[in-house]
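One structure is given below, encoded as structure tokens.
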Ligand SMILES: Nc1ncnc2c1ncn2[C@@H]1O[C@H](COP(=O)(O)OP(=O)(O)O)[C@@H](O)[C@H]1O
Ligand SMILES: [Mg+2]
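In this note's numbering, the protein residues as written are 86 to 351.
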């Protein structure tokens with residue numbers, strides 16, 4: 086039994102967010118990347134964001150992480166405006182970005198060291214390694230780990246900060262199909278255990294339906310949230326059930342009519 090405190094998630098609200106970037110090959114001009122994005126995520130909800138490459142998913146996550154700022158609009162966690170990065174908003178990328186010269190334990194501790202809270206939280210490191218099933222690998226180095234195990238380290242490293250919101254940018258995108266399905270169950274288990282609010286970016290429609298309470302479908306040029314789809318299927322979900330497959334074809338058809346089906350299935 087893991088004894089770590091439960092970090093109950095916070096609600097997240099994105100209101101009329103606009104963001105444009107300078108166009109590198111046309112000096113003086115800008116291109117709209119996000120065009121009036123609005124949605125809310127309830128505390129403890131798991132929501133996926135799907136859409137083709139370039140529609141602004143990572144840009145949106147960076148804004149929520151506080152790594153960049155919108156041109157207009159508002160982002161709030163609970164009642165608080167997002168004004169910069171915070172350990173309360175964890176971010177996990179496709180590349181686990183581990184320090185190759187540090188052991189698994191030291192990689193998980195690294196964020197605590199940077200924040201000057203290692204002494205206060207050292208007792209939790211073993212709990213979090215156990216939570217993600219890595220206790221036997223505490224002294225291993227990243228090059229000894231498989232892709233799935235490296236991603237478990239990245240998840241533990243984010244979760245040890247007790248984030249109120251966990252932002253996942255295609256975290257399973259580099260894994261083979263079988264490891265990916267196992268890790269989907271793993272992330273769901275962590276979510277149920279921690280009750281952290283999660284926003285998961287994925288290219289994979291099946292992954293989004295399998296995991297989420299709700300799916301936000303984004304369309305590109307400029308990036309917009311085009312549809313919000315509630316997934317009411319009971320968990321654990323059967324990827325071959327008729328309602329699952331019906332949702333899948335609805336979403337694919339929708340993206341096809343938005344002219345992006347080829348990108349999405351890539
Ligand atoms: N720092 C940046 N400078 C200029 N353009 C950017 C920058 N970040 C993202 N963009 C542009 O914004 C759009 C959305 O990118 P991104 O959020 O990475 O999409 P996604 O994650 O959905 O693939 C793209 O057209 C991309 O080229
Ligand atoms: Mg991206």
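Glycine included, every Cβ here is placed at the ideal spot set by N, Cα and C.
From a predicted model like this one, the values you see are computed outputs, not experimental measurements.
- Exclusion of the five residues before and after residue 313 leaves 124, 299, 300, 301 and 302 as the residues of its chain whose Cβ lies within less than 8 angstroms of its Cβ.
- Contact between the segment 262-269 and the segment 202-217 is not established, with fewer than three Cβ pairs separated by less than 8 angstroms.
- Boundaries of the alpha helix (DSSP H) harbouring residue 235: 232-244, taken from the DSSP string.
- For residue 151, the CB contacts under 8 angstroms within the same chain, skipping 5 residues up- and downstream, are 167, 168, 169, 170, 171 and 174 in chain order.
- Counting along the chain, the unbroken beta strand (DSSP E) around residue 159 starts and ends at 157-162.
- Within 10 angstroms of the beta-carbon of residue 177 lie 16 or more other beta-carbons, which makes it buried.
- Residue state for residue 329 is assigned as helix, using DSSP reduced to three classes.
- Counting every other CB atom within 10 Å of its CB across the protein chains shown gives residue 186 a total below 16, marking it as exposed.
- Look at which beta carbons fall closer than 5 angstroms to any heavy atom of ligand 1; those residues are 106, 118, 138, 139, 140, 141, 142, 143 and 144.
- Annotation note: the segment 140-208 contains the following uninterrupted alpha helix (DSSP H) runs of length 4 or greater, listed N- to C-terminal: 142-150 and 189-199.
- For residue 220, there is no enclosing alpha helix (DSSP H), as DSSP gives it neither H nor E.
- Exposure of residue 112 is indicated by the presence of fewer than 16 other C-beta atoms within 10 angstroms of its C-beta.
- For residue 340, the three-state secondary structure derived from DSSP is helix.
- Ranked by Cα distance from residue 219, the first of 159, 110 and 236 is 236.
- Nearest C-alpha to residue 122 among 305, 283, 285 and 163: 305.
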